[in-house]
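Notes follow once the structure below has been shown.
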Amino acid sequence: MAMNNILGLFAHSPLKPLQKHSEKVTECSDLLIPFFETTFSKDWEKAEEKRLEISQREREADSLK
């Protein structure tokens, strides 16, 4: 019984959740350029849409930690 518990600790890679988190963070980062472009062009409606997208992806990334 104790052996099964020990094996269970090593059965799942701790790197998979970190990889998924990293992918979500990359998605957030990719949205920054379009966000800045919309703010520089003073398209505040689209800038707000991009900001909301970034916030949503950030929440998704946080939930993976």
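Counting from 1, position 12 in the sequence shown corresponds to residue 12 in the UniProt record's numbering; the numbering is continuous, with no gaps.
Beta carbons are placed, not taken as given, at the ideal position from N, Cα and C, and that holds for glycine.
From which residue to which residue does the alpha helix (DSSP H) around Asp30 run? Translated into positions along the sequence shown, residue 30 becomes position 30. Looking at the DSSP string, the run of the alpha helix (DSSP H) that includes Asp30 is 15 to 30.
Could you tell me the alpha carbon to alpha carbon distance between Pro14 and Cys28, rounded to whole angstroms? As a working mapping, residue 14 is identified with position 14 in the sequence shown. As a working mapping, residue 28 is identified with position 28 in the sequence shown. Roughly 22 Å separates the two Cα atoms.
Assign residue 66 to one of three DSSP states: helix, strand, or coil. Past the edges of the chain, shown from 1 to 65, lies residue 66, and the structure says nothing about it.
Rounding to the nearest angstrom, what Cα-Cα distance links Gln19 and Glu60 in this structure? Along the sequence shown, read from residue 1 onward, the residue named residue 19 stands at position 19. Along the sequence shown, read from residue 1 onward, the residue named residue 60 stands at position 60. If I take the Cα positions, the gap works out to 13 Å.
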